[in-house]
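Chemist: Quick note, our numbering runs 141 ahead of the 1-based positions in the sequence shown.
Ideal Cβ placement from N, Cα and C applies to all residues, glycine included.
Since this is a predicted model, take the numbers as computed values, not measurements.
My questions all concern the structure below.
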Amino acid sequence: MDGIHSSVGVLVYDKLPLVHGGLHTSAFVPPLLAAFYLALGGLYLAADGWFLEGSDAATESAFRRCNLGTMCLSFGAVAATLALSSGLYAADVSPDQISLALMGCAALNYLVFDGTKQGLALGLLCALVCPASELMLMHILQLWHYPEATILTEIPHSGMLAWVPWCYFAYTPAVAQLSRYLRKTA
Numbered sequence: 142m143d144g145i146h147s148s149v150g151v152l153v154y155d156k157l158p159l160v161h162g163g164l165h166t167s168a169f170v171p172p173l174l175a176a177f178y179l180a181l182g183g184l185y186l187a188a189d190g191w192f193l194e195g196s197d198a199a200t201e202s203a204f205r206r207c208n209l210g211t212m213c214l215s216f217g218a219v220a221a222t223l224a225l226s227s228g229l230y231a232a233d234v235s236p237d238q239i240s241l242a243l244m245g246c247a248a249l250n251y252l253v254f255d256g257t258k259q260g261l262a263l264g265l266l267c268a269l270v271c272p273a274s275e276l277m278l279m280h281i282l283q284l285w286h287y288p289e290a291t292i293l294t295e296i297p298h299s300g301m302l303a304w305v306p307w308c309y310f311a312y313t314p315a316v317a318q319l320s321r322y323l324r325k326t327a
């Protein structure tokens, strides 16, 4: 899914770029995404366990609804959200309008594929921590950059599009589905 944004120039990889047809990524991206999935999935497993011990109805419902099909649909929803953001970006839609559209997608993903208190908390946490981590990686390691960054452009080798946090929030229900599915089938 990484290639969805880079295919329209949302971001440009500066170190170890890999190009295969329309896919533009970096050799650094798979291990970084794996670390993101593992960390977030672990947080979901811990939080779900805590809420299940307390007989939280929303968490119990999320586990009942979780299956292979729902998990695949949740990742499809993330891909659709990223494709929407890329399409709007390529069409020169204003960052504020893209933010509104992605906020709606992120909220819908959360309501359809998660709906738990811990899901909302982890989604908000990802929307804050992941862009901050990206800024650090861009500033210190200069792995990639956003050529048309709209926020935090004062920081050398940094800056990002204002709507990127919504993309991270949209990811969290899919990772929740994956961690719950693995827990159910383990």
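Quick check: the Cα distance between R205 and K258, rounded to an integer number of angstroms?
Modeler: The alpha-carbon atoms of R205 and K258 are separated by roughly 16 Å.
Chemist: Smallest Cα separation from L179: which of A315, L284, K325?
Modeler: Among A315, L284, K325, the Cα nearest to that of L179 belongs to A315.
Chemist: Could you please give the first and the last residue of the uninterrupted beta strand (DSSP E) stretch that includes P288?
Modeler: No beta strand (DSSP E) contains P288, which DSSP labels as neither H nor E.
Chemist: Does the distance from the CB of L269 to the CB of L278 come in under 8 Å?
Modeler: Result no, Cβ atoms of L269 and L278 do not sit closer than 8 Å.
Chemist: Going by DSSP, what residue range makes up the beta strand (DSSP E) through H165?
Modeler: Looking at the DSSP string, the run of the beta strand (DSSP E) that includes H165 is 164-167.
Chemist: In chain order, which alpha helix (DSSP H) runs of at least 4 residues are fully inside the segment 230-270?
Modeler: Listed in chain order, they are 236-254.
Chemist: In angstroms, rounded to a whole number, what distance separates the CA positions of T122 and S299?
Modeler: There is simply no residue 122 to check, as the chain begins at 142 and stops at 327 in what is shown.
Chemist: Keeping to the same chain, check which residues put their C-beta closer than 8 Å to that of G144; ignore five residues upstream and five downstream.
Modeler: So the qualifying residues of the chain are G163, L164, H165, T166.
Chemist: Does the structure place the segment 312-327 close enough to the segment 172-188 that three or more beta carbon pairs sit under 8 Å?
Modeler: These segments touch.
Chemist: Sort out for me which residues DSSP pairs V153 with in a bridge.
Modeler: The partner list for V153 (beta bridge, DSSP) reads H286.
Chemist: In terms of alpha-carbon separation, which member of S215, L152, L186 lies closest to A311?
Modeler: Ranking the options by Cα distance to A311, first place goes to S215.
Chemist: Can you find the residues in the same chain that come closer than 6 Å, C-beta to C-beta, to V305, ignoring five residues on each side of it along the sequence?
Modeler: Counting only Cβ-Cβ distances below 6 Å, and skipping sequence neighbours, we find P272.
Chemist: Between L152 and the rest of its own chain, which residues show a CB-CB distance below 8 Å, the 5 nearest in sequence each way excluded?
Modeler: Hits under 8 Å: H146, W285, H286, Y287, P288.
Chemist: Count the CB pairs spanning the segment 218-230 and the segment 195-205 that are closer than 8 Å, and state whether there are at least three.
Modeler: No: the two stretches stay apart, fewer than three of their Cβ pairs being nearer than 8 Å.
Chemist: Quick check on the DSSP output: the beta strand (DSSP E) that includes L159 runs from which residue to which?
Modeler: Counting along the chain, the beta strand (DSSP E) containing L159 begins and ends at 158-161.
Chemist: Going by alpha carbons, who is nearest to A221 out of L174, C308, A327?
Modeler: Looking at the Cα atoms, C308 is the closest of the given residues.
Chemist: Going by alpha carbons, who is nearest to F192 out of A262, T294, T313?
Modeler: The shortest Cα separation from F192 among A262, T294, T313 belongs to A262.
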